[in-house]
Amino acid sequence: MALSESTLRVALYEGTGAKSLSHEKRFETLKQLLAQGCSVRRAADPGDIAVWIGDFESGGGSVEHTCIPVAQEGLSEAVEASRKAASAAPAGQWKPWFPVIDYDRCTNCMQCLSFCLFGVYGVDSDRKLQVQNQDNCKTNCPACSRVCPEAAILFPKYKAGPINGDVVSDADLEREKMKVDISALLGGDVYSLLRERTAKAQSRFSKERDADKALAERQKCLTKLAALSADIPPEVLASLPSPEEIARRAQEAAAKARAALAPEN
Amino acid sequence: MPAPRILYCHCQYAQVLPKEVKDAVLKSLCESGAEFEAVADLCELSARRDPLLKELAAGGPLKIAACFPRAVKWLFAAAASPLDAAATQICNLRVESAEAAVAALLDPSLSPNLPSGTNAPQK
Chain B
200 MALSESTLRV
210 ALYEGTGAKS
220 LSHEKRFETL
230 KQLLAQGCSV
240 RRAADPGDIA
250 VWIGDFESGG
260 GSVEHTCIPV
270 AQEGLSEAVE
280 ASRKAASAAP
290 AGQWKPWFPV
300 IDYDRCTNCM
310 QCLSFCLFGV
320 YGVDSDRKLQ
330 VQNQDNCKTN
340 CPACSRVCPE
350 AAILFPKYKA
360 GPINGDVVSD
370 ADLEREKMKV
380 DISALLGGDV
390 YSLLRERTAK
400 AQSRFSKERD
410 ADKALAERQK
420 CLTKLAALSA
430 DIPPEVLASL
440 PSPEEIARRA
450 QEAAAKARAA
460 LAPEN
Chain Y
173 MPAPRILYCH
183 CQYAQVLPKE
193 VKDAVLKSLC
203 ESGAEFEAVA
213 DLCELSARRD
223 PLLKELAAGG
233 PLKIAACFPR
243 AVKWLFAAAA
253 SPLDAAATQI
263 CNLRVESAEA
273 AVAALLDPSL
283 SPNLPSGTNA
293 PQK
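Order-wise, the sequence lines are chains B and Y.
Sequential numbering of the first sequence, starting at 200, is according to this note's numbering.
Sequential numbering of the second sequence, starting at 173, is according to this note's numbering.
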């Protein structure tokens with residue numbers, strides 16, 4: 200689910216009625232505005248942007264837009280006031296860690312959806328995988344990306360490729376497979392069979408594994424991930440839900456995946 | 173074809189872009205006199221499905237100074253604002269020098285480099 204508020208958009212204005220800024224002043228002002236989480240257009244024509252920042256010759260504002268003097272001591276406070284007036288997103292109050300799906304690579308196998316215990320993934324009305332609850336994602340945990348057999352899940356803030364969006368090489372794919380064979384951990388070829396949508400696959404999946412087995416599988420998987428990739432934060436492992444909750448969520452995820460992969464009537 | 177617009181991402185909320193590179197690029201853009209858009213963090217705009225992304229994606233040729241092209245492509249797509257592959261060039265500040273990135277951004281010609289498919293090379 201996307202966060203509802205937009206960022207505050209401002210114009211760094213140097214057009215008619217305002218003086219040009221020195222390079223240094225322009226740079227420092229831009230850095231300050233970016234640090235405050237603003238989106239800034241530096242252009243002679245700010246278009247429909249409502250908040251203009253510049254060295255205005257006459258000062259003040261107008262009906263169409265608010266003018267904030269760039270030299271003003273309280274620039275930061277004035278920007279914050281504009282943010283509140285526009286009901287724009289507060290600076291920094293979002294979590295810069297969530298998965299992004301590369302649909303050129305994603306095969307809709309639902310392994311990430313089945314694996315994630317925090318309900319980050321779901322499916323759209325076309326039963327296509329999507330990120331639905333990004334705020335549920337555990338900061339610095341790339342576990343779902345590790346279990347993706349196609350390296351289709353990105354975390355742009357991650358330190359290394361291909362999870363950070365770098366090119367996926369054949370060697371990367373082999374390495375991912377060696378780290379965790381999630382398919383095996385989750386019951387062999389059940390997912391590939393499901394993708395083939397055969398009656399046999401439906402029958403097999405309908406014999407859902409019991410809760411204890413589901414729990415054991417995820418514990419085994421997380422332990423293996425932690426040991427091999429060393430980048431699953433301990434706090435993520437420590438904050439895992441109770442065994443009962445894991446089992447419940449695992450069943451929910453399996454049901455979601457089954458519904459998404461089942462043939463349409 | 174109109175001149176490409178420039179979008180600069182400051183990657184404000186993580187230290188994945190080298191500070192000296194992103195500061196040097198921003199400073200050069202400020203010194204150039206070019207018009208550009210600067211955002212605190214593209215990831216945030218994607219997470220918020222900020223309408224600015226749609227405006228940028230639909231506005232014609234675009235050069236983006238940010239991170240890996242594959243990440244940028246799918247950040248826009250996640251915000252229901254897919255980039256035009258034929259009209260988008262990404263400068264990857266995670267790996268490019270500031271000088272190379274600035275030269276590419278200020279060059280009036282466009283060299284589209286969005287990846288497509290599973291193993292397309294990225295520049």
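Using N, Cα and C, we set each Cβ at its ideal position, and we do this for glycine too.
By alpha-carbon distance to Y:E216, the top candidate from B:C305, B:L220, B:A446 and B:G236 is B:G236.
Cβ-Cβ distances below 7 Å link B:I362 to P341, S344, L353 and F354 in the same chain, with the five nearest sequence neighbours on each side left out; the list follows chain order.
Look at B:K283 here: in three-state DSSP terms it is helix.
If you look at Y:F208, you'll find it in the beta strand (DSSP E) that goes F208 to V211. Y:Y185 has its alpha-carbon roughly 16 Å from the corresponding atom of Y:V244.
Two segments are said to touch when three or more pairs of C-beta atoms, one from each, lie closer than 8 Å; by this definition the region 271-287 of chain B touches the region 228-243 of chain B.
Here B:A210 is near B:V250, since their CB atoms are less than 8 Å apart. Listed in chain order, the non-local C-beta contacts of Y:S218 below 6 Å within the same chain comprise L247, A250 and A251, local neighbours out to five positions each way being set aside. For the set Y:C239, Y:A206 and Y:G231, the Cα lying nearest the Cα of Y:Q187 is the one of Y:C239. The three-state secondary structure of B:W251, taken from DSSP, is strand. Excluding five sequence positions before and after B:A243, the CB atoms of its chain that fall closer than 6 Å to its own CB belong to G214, given in chain order. Of all C-beta pairs linking the region 259-274 of chain Y to the region 193-201 of chain Y, three or more are shorter than 8 Å, placing the two stretches in contact. Per the DSSP secondary-structure output, B:G321 pairs in a beta bridge with B:Q329. Taking the Cα positions, B:P432 is about 20 Å away from B:E444. Nearest CB-CB separation between B:C237 and chain Y: below the 8 Å threshold. In the structure shown, B:C311 adopts helical secondary structure according to DSSP, grouped into three states. For the region 302-334 of chain B, the set of positions with a beta-carbon nearer than 8 Å to some beta-carbon of chain Y reads Y302, D303, R304, V330 and Q333 in chain order.
For the region 184-207 of chain Y, the set of positions with a beta-carbon nearer than 7 Å to some beta-carbon of chain B reads Q184, Y185, A186, V188, L198, K199, C202, E203 and E207 in chain order. For B:M309, the number of other beta carbons within 10 angstroms of its own is at least 16, and it is reported as buried. Against chain Y, the CB of B:K337 has no partner CB under 8 Å away; the residue lies outside that interface. Boundaries cannot be given for B:V366, as no beta strand (DSSP E) includes it and DSSP labels it neither H nor E. Under the three-state reduction of DSSP, Y:V267 is assigned to coil, being neither helix nor strand. Residues of chain B whose Cβ lies closer than 7 Å to the Cβ of Y:S288 are, in chain order, D303.
B:D247 is classed as exposed because its beta carbon has fewer than 16 other beta carbons within 10 Å across all chains shown. Per DSSP, reduced to three states, the secondary structure at B:R447 is helical. Closer than 8 Å to the CB of Y:D222 there is at least one CB belonging to chain B. For B:K337, there is no enclosing alpha helix (DSSP H), as DSSP gives it neither H nor E. Not a single C-beta of chain Y is nearer than 8 Å to the C-beta of B:E279.
With fewer than 16 other Cβ atoms inside 10 Å of its own Cβ, Y:A230 counts as exposed.
Contact annotation for Y:A250 against chain B: V299, I300 and V330 [CB-CB distance below 8 Å, chain order]. Looking from the CA of B:D254, the closest CA among B:K356, B:T306, B:S219 and B:W293 belongs to B:S219. Proximity of the region 288-298 of chain B to the region 328-336 of chain B meets the contact definition, three or more beta-carbon pairs being nearer than 8 Å.
Judged by DSSP secondary structure, B:P268 falls within the beta strand (DSSP E) whose first and last residues are T265 to P268.
Rounded to the nearest angstrom, the gap between the Cα atoms of Y:E227 and B:R447 is 42 Å. Around the C-beta of Y:Q261, 16 or more other C-beta atoms lie within 10 Å, and the residue is accordingly described as buried. Cβ proximity to chain Y below 9 Å picks out G360, P361, N363, G364, D365, V366, V367, S368 and D369 from the region 359-375 of chain B.
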